[in-house]
Amino acid sequence: MNPIRKTAGEKTFDLFLYALFIIIMFITVYPFWSQVVLSISGDSSAYATGVRIFPSDLSFDSYGLVFQYKPLWIGYGNTILRTVLGVALSLIFTSLTAYPLSKRGLPCNKLFTTLILVTMLFNGGLIPNYFLIKNVGLYDTIWALVIPGMIGGFNVFIMRNFFRSIPESLEESAKMDGAGYLRIFWKIIIPLSKPVLATVSLWVAVYHWNAWFDSMIYTSDASKQVLQIVLRKIIVENNVDDLNAVLYRAGQGSKFSGRQLQATIIMFSLIPMLIAYPFVQKHFVKGIMLGAVKG
Amino acid sequence: MDGSIPHIRGKTEPAQRYRKRNEYRTLLLMLIPGLIYFILFHYLPMYGVVIAFKDFKITEGIWGSDWVGFKYFLKAFDDPQFYVVIRNTLLISFYKLLFGFPAPILFALLLNEVTRVRFKKIVQTISYLPYFFSWVVLGGIVISIFAIDGPVNGLLGLFGVDPVLMLGDDRYFRSVLVVTDVFQSFGWNSIIFFAAIASIDHQLYEASIIDGASRFKRAVHITIPMLSPVIVIMLILKMSHILDAGFDQIFNLYNPNVFHVSDIIDTYVYRKGLTEMQYSYSTAIGLFKSAVAVVLVVSTNYIVKWVGGKDHTLW
């Protein structure tokens, strides 16, 4: 590729670059890897100081134990539910909002666009939103996690711009054949918009998978908590009482250090994301270039 | 709009007009659920900020509570913690900007010098990884990594440094915030710079190679100048979020030992509002932040437009 032969200095620089990036990769991956190591180490002193690359005494016992921890499965169920519902509702209502706005001739288009744009700049803040959720009866329901963020202004504009890039002639010919807008939307626009729909669904899905704050303030019942909140109790608030109760019932009281169990719990959130990551990552990067809001 | 329409319009004018009215009716109907959503879940809470100007009591409701004007804003200006919180917000944001902003640019510039495409792709893909995890999970990992007997202290121990619990120590807490913030976001933030580098005209490089420019000179005299508009725009856009010091991160990492160096506006609003139930006071502080933030976003948006970054503005 490079027509000029590399000088000795450049070769050293190349070596330096490769070394640098290998170190950067190590620093990026190690924190995650350290949790893997910790979770599958057999000894209770699993965190003897220093950087440990491999587990000392392979054992999956801590997984067996964490498996018996019920709130984890409740959390999983709620997280999956909110992700599925959230993505479905977002896709339907975001595209339904974006399509009319993609028509420049729509009466009051400017007004509607501004109305949405303002919501991207300003929001009522914590307390007003909290009381809204309480007053409309969403508190402690799964809907409190799904509906408030259902349509994002940014996603509306991304979709609108994509819809605008679809050749108008396709719609015109369908109109000639007597198709109404609803039909055109469903039969022509949606099938042609798969790339943008995929990107937006992934954004929304990752958002829901990781969301925790809304669950913390809008739900209080133990049966309504999402996975991130279950994790938070154990790994951030260090509240391992429930987990210890499971331990004692299993008669394995002192075998595991708190940090090892925390690492195992972390794995339960890491693993699904790591599996989906290569796929999700590609679409995310495409999506970031989808571009500008205005138009 | 296209060539065939005038002909048809001439023949079926009334039907066409009827159609036109009808077609917009359908479109407007499609818009209704979205409008209801935005009014209910965005504009209603915006109206709700009036409780910052009232003595809000749950029993009286928003309507029934008494107006108190700027009482709670004046209370904020008399509250020493309010200034601590603003100072912390600005300091943490500033340090994050200072280290977090150049990191992705340097990363992109250096990785661009790597010629093996596969290696480059792998490094890039791995660099995005931390961005996909919540601060609950990252917080747990950070707590574990920075533990008194964790790897960071283990590594420092090799250089003879005594172990410290950095997350419980006000001298180190902010540094941990900055380092872990850079760790989470440098890869993701570099995407825009990689895209900008990829769009540079290759002829520039070819011409400079013929003129005998070294790799270093090409980076300094071509890549960096060509990147500078994007860099300026990104910097301005970052400035507009200077009041967002990272609620998710701090909320999952801080503890009472380090409140005085890590309590930011958002965490203070949360604690005043939902922990101490001082609803009006909390809303007043939140509104103060929102007002400043809107001014920042709107003005930076104009500045970005003015420096020619139309693709990156909001409107």
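Protein chains in written order, with numbering that gives the first Met the number 0: chain A, 0 to 294; chain B, 0 to 314. Beta carbons: idealized from backbone N, C-alpha and C, even for Gly.
The Cβ neighbour count for F52 of chain B, taken over all protein chains shown within 10 Å, is at least 16; the residue is labelled buried. Taking the CA atoms as reference points, P162 of chain B sits about 12 Å from Y171 of chain B. Residue state for W66 of chain B is assigned as strand, using DSSP reduced to three classes. S40 of chain A has A:L57 as its beta-bridge partners, per DSSP. Along the region 142-172 of chain A, the positions whose C-beta sits under 8 Å from a C-beta of chain B are I146, P147, M149, I150, V155, E167, S168, E171, read in chain order. Using a Cβ-Cβ cut-off of 8 Å, G124 of chain A counts as an interface residue toward chain B, since at least one Cβ of chain B sits closer than that to its own. Check the Cα spacing between Q248 of chain B and each of B:F145, B:G99, B:V177, B:F93: the tightest is with B:V177. With distances taken between CA atoms, Y29 of chain A lies nearest to A:F53 out of A:R163, A:F53, A:L196. The three-state reading of DSSP puts K53 of chain B in strand, counting E and B together. At least one beta carbon of chain A lies nearer than 8 Å to the beta carbon of E112 of chain B.
Annotation: G136 of chain A is outside any alpha helix (DSSP H) and is labelled neither H nor E by DSSP.
A Cβ-Cβ contact shorter than 8 Å links L26 of chain B with K102 of chain A.
Between the alpha carbons of S200 of chain A and F12 of chain A lies a gap of roughly 42 Å.
Annotation: the region 129-193 of chain B contains the following complete segments of the alpha helix (DSSP H) (minimum length 4 residues), in chain order: 134-144, 150-157. The residue among A:I26, A:K5, A:F31, A:I22 with its C-alpha nearest the C-alpha of Q261 of chain A is A:F31. Between R159 of chain A and L226 of chain A, the CB-CB gap reaches or exceeds 8 Å. For the region 250-273 of chain B, the beta-carbon criterion of a distance under 7 Å to any beta-carbon of chain A is satisfied by N251, V268, Y269, G272, L273. Contacts with chain B at 8 Å (Cβ-Cβ) include G179 of chain A.
Around the C-beta of H201 of chain B, fewer than 16 other C-beta atoms lie within 10 Å, and the residue is accordingly described as exposed. For the 8 Å CB-CB criterion, F287 of chain B and F72 of chain B form a contact. Within the same chain, and ignoring the five residues on either side of P103 of chain B in sequence, the residues whose Cβ sits closer than 7 Å to its Cβ are F185, N188, S189, F192.
Within a 10 Å sphere around the beta-carbon of Q224 of chain A sit 16 or more other beta-carbons, which makes this residue buried. Taking C-beta atoms as the reference points, P150 of chain B and V36 of chain A fail to come closer than 8 Å.
Sequence-ordered contacts of the region 223-249 of chain A with chain B read Q227, L230, R231, I234, V235 [C-beta pairs closer than 7 Å].
For the options B:S298, B:S213, B:F37, B:F258, the alpha carbon positioned closest to that of K5 of chain A is the one of B:S213. With respect to the 8 Å criterion, V293 of chain B and S281 of chain B are not classified as neighbours on the basis of their beta carbons.
Note that the region 295-308 of chain B does not touch the region 72-90 of chain B; fewer than 3 beta-carbon pairs, one per stretch, sit closer than 8 Å. Look at W185 of chain A: its C-beta is not under 8 Å from any C-beta on chain B. For A221 of chain A, no CB of chain B lies under 8 Å from its own CB, so it is not counted at the interface with that chain. Residue contact with chain A for V48 of chain B: present (Cβ-Cβ distance below 8 Å to some residue of chain A). Restricting attention to B:F40, B:I221, B:N111, the CA atom closest to the CA of I132 of chain A is found in B:F40. Taking the Cβ atoms as the reference, I140 of chain B lies roughly 7 Å from I265 of chain A, within the contact range of under 8 Å. CA-CA distance, P194 of chain A to L109 of chain B, rounds to 31 Å. Contacts between Y276 of chain A and chain B, judged by CB atoms closer than 8 Å, involve L128, F131 in chain order. Under the three-state reduction of DSSP, R51 of chain A is assigned to coil, being neither helix nor strand. When 8 Å is used as the limit between beta carbons, A197 of chain A is near no residue of chain B, the shortest such separation being about 16 Å.
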